[in-house]
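Undergrad:
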Amino acid sequence: MKFPKFSKCKASSKGKIEHKSSLAKASRMVRVHVKHGDGGSDGAGEFLYDTETTSTIDEIAKEIIEIANFQSKIQCFAVELESHLSKLQGDPKVMPLVRALSEATSYASKDQVIHNKPLSLYVLRDHTRSIEKEFLVTYSVMGLSSSDLQQFLSDLQILEENTVQLLWAGKELTRGKKLCDFIGRNEKTKIVIRLQSPIPPPASLSVYAHHLAMHMI
Numbered sequence: 002m003k004f005p006k007f008s009k010c011k012a013s014s015k016g017k018i019e020h021k022s023s024l025a026k027a028s029r030m031v032r033v034h035v036k037h038g039d040g041g042s043d044g045a046g047e048f049l050y051d052t053e054t055t056s057t058i059d060e061i062a063k064e065i066i067e068i069a070n071f072q073s074k075i076q077c078f079a080v081e082l083e084s085h086l087s088k089l090q091g092d093p094k095v096m097p098l099v100r101a102l103s104e105a106t107s108y109a110s111k112d113q114v115i116h117n118k119p120l121s122l123y124v125l126r127d128h129t130r131s132i133e134k135e136f137l138v139t140y141s142v143m144g145l146s147s148s149d150l151q152q153f154l155s156d157l158q159i160l161e162e163n164t165v166q167l168l169w170a171g172k173e174l175t176r177g178k179k180l181c182d183f184i185g186r187n188e189k190t191k192i193v194i195r196l197q198s199p200i201p202p203p204a205s206l207s208v209y210a211h212h213l214a215m216h217m218i
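The numbering used here applies: residue 2 is where the sequence shown begins, and numbers increase by one.
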C-alpha cells in the first residue's frame, strides 16, 4: 500500500501550540477494561474501551452500557442460530448470514481484550444490523419466523442505563462527576470497571424468597 506524500513545511508557533494540545489530550486518555454479566459463566462479557479522564461518568456509562448490550446480543444470536445453521451447512442461501455472524462474533469476542483491541459502539451496531438484515432474507430457509430473532433475546438481561452501577476498585463511580474526580489525571492509565445491576433491598429479597418457596411446595 502506498501512502500519500506530503510536502514539508516549517513549523509555526501555531503548529507548536496545536501539537502540544494534541499531546496533552493524548496524556489524558484512559483504557478501561469493562466486565459485565456473571463472572462465573460462559455468558460473562468483557471488552476494552478508550476514553478521557475529563469525560463525565454519565457519558462513559451511556456508551459502555450500550457496548455491553450489543456484545451480549451478538453472542446470543450466535448461540441461538448455531443449531439452525448447522443443519444447512454448505447451503449458499444461508452463507451471507453465516458470514455476518462470523464477522460479528469475531469482532465482539472478549478475546479482543487479550489482543488489546477496544470495541467501537458504531462497529458493533453495524454488525448487529447486518445480522438482522441477513436473517430477514433467510429465516424461512431455517424454518423460522421473522420475529424469532428478537424472540431469542427474550431471556437476555439487557442493562439499563438508569439502574446499572459502575464499580471501580470496589467503589461506585457516581453520576454527575468526571472520571478524573476518582482516578486523577494520570497519564496512560488502565482501569477495570465492572457493570453491576443494583441488588434488591432486604425486604424485596424476603418477598422473592417467600414467592420462590411457595412455588417449590
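For glycine and all other residues, C-beta sits at the position ideal for the given N, C-alpha and C.
From Ser198 to Lys63, what does the alpha carbon distance come to, in whole angstroms?
TA: In the sequence shown, residue 198 corresponds to position 197, counting from 1. In the sequence shown, residue 63 corresponds to position 62, counting from 1. So the alpha carbons of these two residues sit roughly 14 Å apart.
Undergrad: Where Thr129 and Asn117 are concerned, what is the direct C-alpha to C-alpha distance, given to the nearest angstrom?
TA: On the sequence shown, residue 129 is found 128 positions in, with the first residue counted as 1. On the sequence shown, residue 117 is found 116 positions in, with the first residue counted as 1. Roughly 22 Å between the two C-alpha positions.
Undergrad: Within the continuous alpha helix (DSSP H) that includes Phe48, where are the two ends?
TA: Residue numbering aside, residue 48 sits at position 47 when the sequence shown is read from its first letter. No alpha helix (DSSP H) holds Phe48; the beta strand (DSSP E) holding it covers Gly46 to Glu53.
Undergrad: Do the stretch 85 to 99 and the stretch 134 to 143 meet, that is, are 3 or more Cβ pairs less than 8 Å apart?
TA: yes
Undergrad: Considering Cα atoms alone, identify which of Thr54, Val31, Leu125 and Glu60 is closest to Gln76.
TA: Here the question's residue 76 lines up with position 75 in the sequence shown. Cα-wise, what sits closest to Gln76 is Leu125.
Undergrad: On the three-state DSSP scale, how would you describe Ile58?
TA: Taking the first residue of the sequence shown as 1, we reach residue 58 at position 57. Looking at Ile58 - three-state DSSP - the assignment turns out to be helix.
Undergrad: Excluding the 5 residues flanking Arg186 on each side, which residues of the same chain have their C-beta closer than 7 Å to its C-beta?
TA: The residue given as residue 186 occupies position 185 in the sequence shown. Once the five neighbours on either side are set aside, the close Cβ partners of Arg186 are Arg29 and Thr54.
Undergrad: Starting from the Cα of Thr190, find the closest Cα among Gly46, Ser84 and Asp51 and give me that residue.
TA: In the sequence shown, the residue the question calls residue 190 occupies position 189. Ranking Gly46, Ser84 and Asp51 by Cα distance to Thr190 puts Asp51 first.
Undergrad: DSSP three-state call for Lys178: helix, strand or coil?
TA: Taking the first residue of the sequence shown as 1, we reach residue 178 at position 177. Residue state, collapsed to three classes: coil.
Undergrad: Return the CA-CA distance between Gln166 and Glu47, expressed in angstroms with no decimal places.
TA: Walking along the sequence shown from the start, residue 166 turns up at place 165. Walking along the sequence shown from the start, residue 47 turns up at place 46. The straight-line gap from Cα to Cα measures roughly 16 Å.
Undergrad: Confirm, please, whether the CB-CB distance from Leu120 to Ile68 is below 9 Å.
TA: Reading the sequence shown from its first residue, position 67 is the one you call residue 68. Reading the sequence shown from its first residue, position 119 is the one you call residue 120. Yes, the pair counts as a contact, with Cβ atoms nearer than the cut-off.
Undergrad: Candidates Val114, Glu133 and Leu102: which alpha carbon is nearest Lys36's?
TA: To locate residue 36, count along the sequence shown from 1; it is residue 35. With distances taken between Cα atoms, Lys36 lies closest to Val114.
Undergrad: Could you tell me if Gly38 is buried or exposed, where buried requires 16 or more neighbouring beta carbons within 10 angstroms of its beta carbon?
TA: The count along the sequence shown starts at 1 and reaches residue 38 at position 37. With 16 or more Cβ atoms within 10 Å of its Cβ, Gly38 is classed as buried.
Undergrad: Taking Cβ to Cβ, would you say Ile65 is nearer than 9 Å to Ile194?
TA: On the sequence shown, residue 65 is found 64 positions in, with the first residue counted as 1. On the sequence shown, residue 194 is found 193 positions in, with the first residue counted as 1. Yes, Cβ-Cβ distance for Ile65 and Ile194 is below 9 Å.
Undergrad: Note the first and the last residue of the continuous alpha helix (DSSP H) segment covering Arg100.
TA: Residue 100 sits at position 99 when you count from the first residue of the sequence shown. Element bounds for Arg100: Met96 to Ala109.
Undergrad: Hey, is Lys172's beta-carbon within less than 9 Å of any beta-carbon in chain C?
TA: Judged by its chain identifiers, the structure shown contains no chain C, having just a single protein chain.
Undergrad: With distance defined between alpha-carbon atoms, name the residue in Leu86, Lys74, Glu81 and Glu135 nearest to Ala109.
TA: Working through the sequence shown from its first residue, we reach residue 109 at position 108. Here the closest residue by C-alpha is Lys74.
Undergrad: When the Cα atoms are used, what is the spatial distance from Ala170 to Leu122?
TA: Translated into the one-based positions of the sequence shown, residue 170 becomes position 169. Translated into the one-based positions of the sequence shown, residue 122 becomes position 121. Going from the Cα of Ala170 to the Cα of Leu122 covers about 25 Å.
Undergrad: Per DSSP, what kind of secondary structure is Thr34 in: helix, strand or coil?
TA: Taking the first residue of the sequence shown as 1, we reach residue 34 at position 33. Here the sequence assigns His to residue 34, which means Thr is not the residue at that position. His34 falls in the strand class under three-state DSSP.
Undergrad: Give the straight-line distance between the Cα atoms of Ser103 and Val80, rounded to the nearest whole angstrom.
TA: On the sequence shown, residue 103 is found 102 positions in, with the first residue counted as 1. On the sequence shown, residue 80 is found 79 positions in, with the first residue counted as 1. Approximately 12 Å, taken between the alpha carbons.
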